[in-house]
């Protein structure tokens, strides 16, 4: 049965409605890493550019799919139809559909190149520099102007251009002569709601600017395959009002309160002794605890997550972790990448956990 | 086919003569049989790669999946990608190219028949090497792109990555020899009157692909060797501790890798360019433009490689340059889409299975092409890269594009290869199930990527908003599997069906429909003289002043009917046709290469003698090959 | 390796195996195609070297520090001369002088072997100076590039010796001169690549 062209358009309109709903429904979902719900100026620039080009692409999509459906409906063989007129080409049409897309793309290229340079600009006012170190499989942050270091959860003040310098290191592996640390593998620092990603490449220092306008916690994760536990190398960015951030910084500067008695004291002794934790973890105020093989644990309880922002910090999780780290998160400690299984009794682990939970 | 042969002088290694049976397949140098070998082997790898995909989707159907461990998942996604690219799509294109390019240009075989056989055997050797890794300590787990330094020995201990490196060098040898073979065949063995601009578009696309392979395979070979030396001989190409640059790997890999994706898509575009005119009963709209667009894509494809590296930190100037070049390669691609649509417009469309897949190709490839354009918007790509949005893109162009195109070719050309038509009902079931399943699997990945789900992650936590679409995607994957079952059932059913197809079942346009189906070894009893593009069509039809078709009464020039009633064997010998004789040496040389490959993988462990033995076998193969004449005398 | 079909001069017809629309024999065309791909192969190796030629840890010698340019010039000259003898070999078979063919082929193979021997000695000296595959990326890229070139020369030597053997068995008649020409194409290409390597790797100054 032949349908006129109007029938096809009605058909398309009907199909379009649920498609739009589905698309909108996806946008509205509660996705902590949703690039289409940007919450910082850089992510917003990137998102707007995407939506602009996506709109053009959607028009082309409807046009092409519509033409396919239209040609099938209109020109499908029906008995008795004569053979079609043999058309070999049409130079004007072909020129047209070469030039028009080219012009469209030129139109798209301008805002693209402009935004590339805009995002790459080195920020000049109100800048906070942070050094990001990608390890296998966690994130270390050092604030050179504030003299503090932490792991996995990056605190930043709002309304500040935070300029990240991205390094890849593996302190657990032998360093080259004259170098402080061995280099690691390629990672990628990505917190979608604030900015697009930038790779962390061993042998070079890439830069990324992130900026939050309001206080919130943002989710992110490594976005360049780094083998075994790539999926478990996650991160948080906690943006705070200036006062709150300053308070956090002050807290980070403090050394630990050395526990004097009970399980916590026993745990502290284990930290320095049989547990061998001091060999990999920094702990301010403890002589000789300056290693960066594992995260700085001085203010562990000030964080919500651990092990590459993969697990919530609870005594149970910490206990299970120390008991057998690779069972919770696949790692290769025998090759120098990841936390090894420390031979400790269950009671000793409980004491260690008791100590760790005092580290506010 | 040697019928009555003078007995060759007694030698320890006599020239094989078998025409049927197992050994005839090992020693065949007939391009059609080699095409079938490529096709069957590649299809089996397709099933294996599909099972790998099902396991991946099984793991990702739910958050915190426990179907696979991290290491198992990493091996599976590495092998899935490596398999589909190197062991499925490339050899499937080679299957069609091998079978049909000589016939489409009116030749009896390719320029180098034994080299052709060698190309297949070395592909099998490489695929076998790669897959044997599962038995020998674990498959490679570095991704199909093998980025250094995570593939360096420090971070990827064991032999898995070495299997990957050696396996790909070996299959690369096959691709390179096939490319040289096709270039020489296409340039030198065309029938009289078959000028370049009268060749079928499929032959053109195959020629462009062959040039791309010729120049791209050496580049990845260098990268693979450099990483191999890093892992086995202590060099430092990608060791950043000593000044090596991991980004060099990426440049070398993508200089190969981008032309590679055009290698993957152009043959399917060629097939679609054959199918659409036949099933629209109209010529291809703008033949020259379609051909030149293919050539343009081949050239421009060399200038876009760093669009895979936008987040690596090359700087705004480099990123802008590659953004521009990437945008502009969309132009010739779009031209093809519009030309194909114009071919169907105003035609008399026969919606048989080959046509459905060809139309599906246009629709699905367009979606993939459009998402590709969005990737070229660099600031947006900073969000998109390394997410499921990219996974969606390349599956739309490689599955919705290349695989759909290759299935179109399979249904279209089945009557030539087998003499039978595949079942239409099952074919349509295959198409619709596959179209629905494919879109269910990969459509949601656009959303997942934009919602922040990265690639290459063996698990994702709850509460990310990704659960629903991941489940839908897995259901889609199962639907795809069901559709492939339809295809397999179709093949089995058709094999048992004694009904033969007519000589020219689709009212075709090109030379493969002028010879008996399946064709005799020599293809053409008499080499045709070609008078125009779509020569066969123009022997059947002419056009009046308004452009309408006028059927030419069947007559003397149409030798197609004569062959229908004769057996295959009687033809050819009265014409004194000398076909190349079968040979074991291509397979022997490939076996030697495989042994050398194992030796290279285990060299560090002291098994140098494997390389020595393999080397001897290779030399024996080459010397034997060099010493035997192409065709034994009668 | 065409079987002799007839004794009259054979004009290839369509469908014959040696038919060539371009007028260039398929085997020759195939060799040109292969050589084109080899350009990319060596191009990628040379590019890697250009990137890395000055990179080494502090105090570690790079190849440029230990080059003996006069020595390498002599061995380059030897390889260049081998191209001359290759041309003479082809000329010999084309004028039906099979004895001279074998002599000049052997001379080419001999000169190639001298070149390889010279390289082996050169690399041994480098190793004694602490420049080896692992000592720096500059050295890694140098050895892999020149090593692959050496492998290509060696394959060529084996090929030429095979041709001598085939000729001695009487299986290389004058009408098969194309086989010598194709081997010559390969040999000259390998020589030209060496000229490029010698210039870019050895001669171009390198600040370290």
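Chains as they are written, first to last, in this note's numbering: chain A, 43 to 402; chain B, 81 to 714; chain C, 359 to 566. The beta-carbon is built from N, C-alpha and C at its ideal position, and this holds for glycine as well.
- Taking 9 Å as the threshold, the shortest C-beta distance from residue 264 of chain B to chain C falls below it.
- Distance from residue 466 of chain C to residue 443 of chain C at the Cβ level is roughly 4 Å; contact confirmed, criterion being Cβ atoms closer than 8 Å.
- The shortest C-alpha to C-alpha distance from residue 534 of chain B to any of A:289, A:286, A:275, A:290 is the one to A:275.
- Out of A:244, A:366, A:175, the CA that lies nearest to the CA of residue 393 of chain B is found in A:244.
- Residue state for residue 573 of chain B is assigned as helix, using DSSP reduced to three classes.
- When 7 Å is used as the limit between beta carbons, residue 424 of chain B is near these residues of chain A: 113, 117, in chain order.
- Residue 251 of chain A and residue 280 of chain A do not touch by the CB rule: their CB atoms are close to 17 Å apart, not below 8 Å.
- Look at residue 372 of chain C: its C-beta is under 9 Å from a C-beta on chain B.
- Contact between residue 620 of chain B and residue 613 of chain B is absent: CB atoms are separated by about 14 Å, not below the 8 Å threshold.
- Between residue 306 of chain A and residue 380 of chain A, the alpha-carbon positions lie close to 25 Å from each other.
- Annotation for residue 437 of chain C: the continuous alpha helix (DSSP H) segment containing it runs 427–452.
- Interface flag for residue 411 of chain C against chain B is unset, since no Cβ pair is found closer than 9 Å.
- Straight-line spacing of the CA atoms in residue 703 of chain B and residue 670 of chain B works out to 13 Å.
- Taking the C-beta atoms as reference points, residue 126 of chain A is found nearer than 9 Å to residue 629 of chain B.
- Spatial neighbours of residue 538 of chain C in its own chain (CB-CB distance under 8 Å, excluding positions within 5 residues in sequence) are listed in chain order as 447, 448, 451, 459, 463, 521, 530.
- Contact with chain B is found for residue 385 of chain C, since one of that chain's Cβ atoms lies less than 9 Å from the residue's Cβ.
- Chain C has a Cβ within less than 9 Å of the Cβ of residue 220 of chain A.
- The Cβ of residue 162 of chain A sits closer than 9 Å to at least one Cβ of chain B.
- Taking the Cα of residue 215 of chain A as reference, the smallest distance to any Cα among A:262, A:342, A:378, A:256 is reached at A:378.
- Residue 348 of chain A sits in a strand when the DSSP states are folded into three classes.
- Here residue 317 of chain B is near residue 328 of chain B, since their CB atoms are less than 9 Å apart.
- When DSSP states are grouped into helix, strand and coil, residue 661 of chain B belongs to the coil group.
- Not flagged as an interface residue toward chain A: residue 428 of chain C, since no C-beta distance is shorter than 9 Å.
- Under the three-state reduction of DSSP, residue 140 of chain A is assigned to helix.
- The beta-carbon of residue 198 of chain A is placed no less than 9 Å from the nearest beta-carbon of chain B.
- Residue contact check for residue 590 of chain B against chain C: no CB pair falls below 9 Å.
- For residue 506 of chain C, the enclosing alpha helix (DSSP H) covers residues 495–526.
- The beta carbon of residue 525 of chain C does not come within 9 Å of any beta carbon belonging to chain B, so the residue lies off that interface.
- Between the beta-carbon of residue 507 of chain B and that of residue 424 of chain B there is about 19 Å, and that puts the pair past the 8 Å contact cut.
- Taken residue by residue, none of the stretch 472–494 of chain B has a beta-carbon sitting less than 9 Å from a beta-carbon on chain C.
- Inter-residue distance for residue 369 of chain C and residue 544 of chain C is about 27 Å (C-alpha atoms, whole angstroms).
- Contact of residue 325 of chain B with chain C is assigned, a C-beta pair being separated by under 9 Å.
- Below the 8 Å Cβ cutoff, chain A contributes 144, 147 as neighbours of residue 408 of chain B, in chain order.
- At least 9 Å separates the CB of residue 175 of chain A from every CB of chain B.
- By a beta-carbon distance limit of 8 Å, residue 372 of chain A contacts residue 149 of chain B. Their separation comes to about 7 Å.
- Between residue 445 of chain B and residue 282 of chain B, the CB-CB gap reaches or exceeds 9 Å.
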